[in-house]
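Residue numbers (UniProt numbering): 1 to 266.
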């Protein structure tokens, strides 16, 4: 990570995290432009190795940016941040079922003394380069959450974990699809290039107007739906595997880091 964030960028990330700590809830697409955002899954240490292996076997969907020590609530991706409070919205999972969504995960976090947090690359990271290249990102334009879909594509299982790939979708003008693929492909640590272009039925997606997570977005005539691997994939594994306890980000509500996007550009 040779690239360095500017003082102004770091201030914008810290300001965002402080707003979330104070209770502000909103999707993070477009927040702190130029700085990397991350998905999060938090598991008891007994499940941490299984998930680390799951991520290693499914790197497109689960590119790991940091793993905390058991019991730690901090990350090198944002010194001084608190992973229990500094995301806008969390999901608490019990026995593979969504138990609640909260803006402060401190109480749930306190139930286990050995929790391990995984910070996973997020496709929001390459949205700023897309915008700079003149490629519209519809959910940012319309102020909504990104649409995400559970596919019929199985991930490679690991230990007790199994599940299917989740993808995010952005409608792209046909003449810019190749550019979008090339630009995002330069960020392999945050999902990289698309996993599928067009023909959503080939992923088992029946209706683009009914995403499994996030919000539906406008698709203008002629636009092509482009699909990227998504960091909500671990939540699909939690559900499919009946994981006894987990904390995750709520889809679209990411952890805003102090790391510039350029650090993950190749």
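Just so it is clear, CB atoms sit at the ideal spot from N, CA and C, and this is done for glycine as well. Model, not experiment: these values are computed from the prediction.
Bridge partners - residue i, DSSP secondary structure assignment
i           : result
residue 37  : 256
residue 121 : 38
residue 97  : 94
residue 247 : 42 and 92
residue 211 : Looking at the DSSP assignment, residue 211 forms no beta bridge with any residue, so it has no partner.
residue 169 : 227
residue 115 : 44
residue 102 : 90
Sequence-distant residues of the same chain with beta carbon closer than 7 angstroms to residue i, five excluded per side
i           : result
residue 48  : 116
residue 125 : 36, 37, 187, 190, 261 and 264
residue 50  : 158, 159, 160 and 161
residue 176 : 135
residue 53  : 158 and 159
residue 266 : 186 and 188
residue 200 : 208 and 225
residue 133 : 179 and 183
residue 193 : 181, 184 and 185
Local conformation of residue i per DSSP, three classes
i           : result
residue 241 : helix
residue 63  : coil
residue 136 : coil
residue 176 : helix
residue 86  : coil
residue 52  : helix
residue 129 : helix
residue 229 : strand
residue 194 : coil
residue 18  : helix
residue 216 : coil
residue 162 : coil
residue 203 : helix
residue 30  : coil
residue 186 : coil
residue 234 : helix
residue 3   : coil
residue 141 : helix
residue 81  : coil
Span of the alpha helix (DSSP H) around residue i
i           : result
residue 106 : 106-109
residue 72  : Unbroken run through residue 72: none, as it is neither H nor E.
Residues near residue i in its chain [Cβ-Cβ closer than 8 angstroms; skip 5 each side]
i           : result
residue 218 : 138, 142 and 171
residue 202 : 196
residue 101 : 89, 90, 91, 92 and 250
residue 222 : 173 and 174
residue 152 : 164, 203 and 204
Cβ neighbours of residue i in the same chain (closer than 6 angstroms, five flanking residues each side left out)
i           : result
residue 32  : 12, 13, 16 and 256
residue 78  : 257 and 258
residue 252 : 27, 145, 146 and 214
residue 42  : 115, 117 and 247
residue 84  : 73, 105, 106 and 109
residue 8   : none
heavy atom of the ligand FMN below 8 angstroms from residue i C-beta
i          : result
residue 42 : This structure lacks the ligand FMN; in fact it carries no ligand of any kind.
N- and C-terminal bounds of the beta strand (DSSP E) containing residue i
i           : result
residue 150 : 148-154
Proximity test, Cβ basis, 9 angstroms: residue i and chain B
i          : result
residue 96 : Annotation note: the requested chain B is absent from the structure, which comprises a single protein chain.
contact_flag[the segment 29-38, the segment 65-78] where n(CB pairs < 8 angstroms) is 3 or more
Three or more pairs of CB atoms, one per stretch, sit closer than 8 angstroms, so the segment 29-38 contacts the segment 65-78.
At least 3 beta-carbon pairs within less than 8 angstroms: the segment 253-260 vs the segment 17-29:
As far as the Cβ criterion goes, the segment 253-260 touches the segment 17-29, which means the pair count is three or higher.
Specify whether the segment 223-243 and the segment 151-168 touch according to this definition: at least 3 beta carbon pairs, one from each stretch, less than 8 angstroms apart.
Touching, yes, given that three or more Cβ pairs across the two stretches are closer than 8 angstroms.
Would you call the segment 95-105 and the segment 238-245 in contact, with 3 or more CB pairs under 8 angstroms?
They touch, by the three-pair rule.
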